[in-house]
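Colleague: Let me begin by handing over the structure; questions about it come next.
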Amino acid sequence: MNMTAESPPLPENGGAPVDPGALFDLPAPMSARRIVVAMSGGVDSSVVAALAAQSGAEVIGVTLQLYDHGEAVKRKGACCAGDDIRDARLVADRLGIAHYVFDHESSFRESVIDGFADEYMAGRTPIPCIRCNMGPKFTDLFKMARDLGADCLATGHYVRRVMGEAGPELHRAVDPARDQSYFLYGTTEEQLEFLRFPLGGLPKSETRRIAQETGLVVAAKPDSQDICFVPDGDYASLVKKLRPEAGDAGDIVHAETGEVLGRHRGIVHYTVGQRRGIEIGGQPEPLYVIRIDAEAGAVVVGPKRLLAVGAMRVIETNRIGPLPTTGLTAKVRSLAKPVPITLEGPLGDNGEVRVRFAQPEYGVAPGQAAVIYAGERVIGGGWIEETFPADQ
1 MNMTAESPPL
11 PENGGAPVDP
21 GALFDLPAPM
31 SARRIVVAMS
41 GGVDSSVVAA
51 LAAQSGAEVI
61 GVTLQLYDHG
71 EAVKRKGACC
81 AGDDIRDARL
91 VADRLGIAHY
101 VFDHESSFRE
111 SVIDGFADEY
121 MAGRTPIPCI
131 RCNMGPKFTD
141 LFKMARDLGA
151 DCLATGHYVR
161 RVMGEAGPEL
171 HRAVDPARDQ
181 SYFLYGTTEE
191 QLEFLRFPLG
201 GLPKSETRRI
211 AQETGLVVAA
221 KPDSQDICFV
231 PDGDYASLVK
241 KLRPEAGDAG
251 DIVHAETGEV
261 LGRHRGIVHY
271 TVGQRRGIEI
281 GGQPEPLYVI
291 RIDAEAGAVV
301 VGPKRLLAVG
311 AMRVIETNRI
321 GPLPTTGLTA
331 KVRSLAKPVP
341 ITLEGPLGDN
351 GEVRVRFAQP
361 EYGVAPGQAA
371 VIYAGERVIG
381 GGWIEETFPA
391 DQ
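1 is the number of the first residue of the sequence shown in my numbering; add one for each residue after it.
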């Protein structure tokens, strides 16, 4: 379905007209192109749909219903639940584009939610957003868009797709406060050929301005939460509901002396690097969670110096494009700054690699992602499986 005559005009960017067609990097004419937009019901994907519609291409909005927990449906700032599906449909109606909803609740529970709970039970700190991107949001949507005969699949992620000498590359967003490249390191080269990220060159304020001036109902809608399926952000309650043993009490043990310092209220409440919530007094130094011993049901604590990590083993790795031999950095948390590293071994092909830090890094938690950069370009990454103390 093409844009209707009543479709709202696209606002201008700082006085200069926006060229929606250029944002999608497709061969002209745009009237001969079909764009599938992943619509979560939020402002970002809604603006992508508006940009796609204004390009002159045929646009199809696709929403995956990933869960429908009663509390989450009512909570503002979720995604892919009841209210969000309604909002996506309202936006599609406003733009005059086709819109389809596909029920993926069962596969999302198996591939993302159950895995989230299992990771905590193993004493790890999971990132469900990456699992979702690597599963339902890209793999499944990729196939749907292909089946619909699309020329590309467009999403509202804040990253940039830049053409390099060896093909498309994944780069950080222009707006560093919105950059989502950490969550997309698992994108394959085949997927990147087909994907488009029109918002990667825009600040969030411009995205909201476009939504406002285009008359989208979601213009002032709050951003989605990192863990969208967790009501009120209480992930521990969700894990204990799925895995009741996650709330079993156990020992808090000193990493150096082996002394039992107290009792904890379930390993699900702790992660490596945590200081608050340990509630052990009378120690000469502040205590931090050094590791989780899931087999023994123990939380191992110690002074901050024991958190210093010199290297880590990273598994299930992915590589995007050529690998530089120098100038590499890594992020070990979504909000961490990239730090200089060297790689010992190959990166990619779902294998494993040892990553060595130039300086000790703190709070490196198994289960998190290690994402490798060369300047602004995302080289790839994988899951942190094991860490090695800086003094080894």
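Idealized CB from N, CA, C, for every residue including glycine.
Bear in mind that the values here come from a model prediction, so they are computed numbers and not experimental data.
1. With DSSP as the reference, please indicate the residues paired to Gln392 in a beta bridge.
2. By alpha-carbon positions, which one of Gly135, Glu58, Thr155, Val364 ends up nearest to His104?
3. Where Glu361 and Ala211 are concerned, what is the direct C-alpha to C-alpha distance, given to the nearest angstrom?
4. Closest by CA to Asp151, which one among Arg319, Lys137, Ala28, Gly282?
5. Here's the rule I'm using: 16 or more other beta-carbon atoms within 10 Å means buried, otherwise exposed. How should Lys396 be labelled?
6. Just to confirm, is the Cβ distance from Gly367 to Pro126 under 8 Å?
7. Indicate whether Leu242 and Val47 have their beta-carbon atoms separated by less than 8 Å.
8. Considering just the uninterrupted stretch of the alpha helix (DSSP H) at Gly115, what are its terminal residues?
9. Quick one: give me the first and last residue of the beta strand (DSSP E) that Val299 is part of.
10. In the DSSP assignment, what residue or residues form a beta bridge with Asn133?
11. Shortest alpha-carbon distance to Phe197 belongs to which of Arg94, Ala365, Met39?
12. Helix, strand or coil for Gln191, going by three-state DSSP, please let me know.
13. Helix, strand or coil: which one does DSSP assign to Phe197?
14. Determine, using beta carbons only, whether Arg33 and Ala57 come nearer to each other than 8 Å.
15. My guess is that Gly250 and His264 are in contact by the Cβ rule of under 8 Å, so how many angstroms apart are they, rounded?
16. So, is Lys143 buried or exposed, given that buried needs 16 or more other C-beta atoms within 10 angstroms?
17. Indicate whether Leu195 and Leu153 have their beta-carbon atoms separated by less than 8 Å.
18. Mapping DSSP to helix, strand and coil, what is Val43?
19. With Leu64 as the anchor, note down where its beta strand (DSSP E) starts and where it stops.
Modeller: In short:
1. By one-based count along the sequence shown, residue 392 stands at place 392. DSSP output for Gln392 lists no bridge partner at all.
2. The residue labelled residue 104 in the question sits at position 104 within the sequence shown. Closest option to His104, Cα to Cα, is Gly135.
3. By one-based count along the sequence shown, residue 361 stands at place 361. By one-based count along the sequence shown, residue 211 stands at place 211. Cα to Cα, Glu361 sits roughly 40 Å from Ala211.
4. Within the sequence shown, numbered from 1, the residue matching residue 151 stands at position 151. Comparing alpha-carbon positions, the option among Arg319, Lys137, Ala28, Gly282 lying closest to Asp151 turns out to be Ala28.
5. This structure does not reach residue 396, given that the chain is present from 1 up to 392, and the question cannot be answered.
6. Along the sequence shown, read from residue 1 onward, the residue named residue 367 stands at position 367. Along the sequence shown, read from residue 1 onward, the residue named residue 126 stands at position 126. In contact: Gly367 and Pro126 (Cβ atoms closer than 8 Å).
7. Position 242 of the sequence shown, counting from 1, holds the residue named residue 242. Position 47 of the sequence shown, counting from 1, holds the residue named residue 47. With a cutoff of 8 Å on beta-carbon distance, Leu242 and Val47 are scored as not near each other.
8. Here residue 115 refers to the residue found at position 115 of the sequence shown. In the DSSP assignment, Gly115 falls within the unbroken alpha helix (DSSP H) covering 114 to 121.
9. Residue 299 sits at position 299 when you count from the first residue of the sequence shown. Element bounds for Val299: 298 to 302.
10. Taking the first residue of the sequence shown as position 1, residue 133 is located at position 133. In DSSP, Asn133 forms no bridge with anything.
11. The count along the sequence shown starts at 1 and reaches residue 197 at position 197. Here the closest residue by C-alpha is Met39.
12. For the purposes of this step, residue 191 is taken as residue 191 along the sequence shown, with counting starting at 1. Gln191: helix per DSSP, three-state reduction.
13. By 1-based counting over the sequence shown, the position of residue 197 is 197. In the structure shown, Phe197 falls within a coil segment according to DSSP collapsed to helix, strand and coil.
14. Along the sequence shown, read from residue 1 onward, the residue named residue 33 stands at position 33. Along the sequence shown, read from residue 1 onward, the residue named residue 57 stands at position 57. Their beta carbons are under 8 Å apart, which means Arg33 touches Ala57 by this criterion.
15. Here residue 250 is taken as the residue at index 250 of the sequence shown, counted from 1. Here residue 264 is taken as the residue at index 264 of the sequence shown, counted from 1. For Gly250 against His264, the beta-carbon gap comes to about 6 Å, under 8 Å, which counts as contact.
16. For this step, residue 143 is matched to residue 143 along the sequence shown. Classification for Lys143: exposed.
17. In the sequence shown, counting from the first residue as 1, residue 195 sits at position 195. In the sequence shown, counting from the first residue as 1, residue 153 sits at position 153. A contact, by the Cβ cut-off of 8 Å.
18. On the sequence shown, residue 43 is found 43 positions in, with the first residue counted as 1. Helix at Val43.
19. Residue numbering aside, residue 64 sits at position 64 when the sequence shown is read from its first letter. Boundaries of the beta strand (DSSP E) harbouring Leu64: 58 to 65, taken from the DSSP string.
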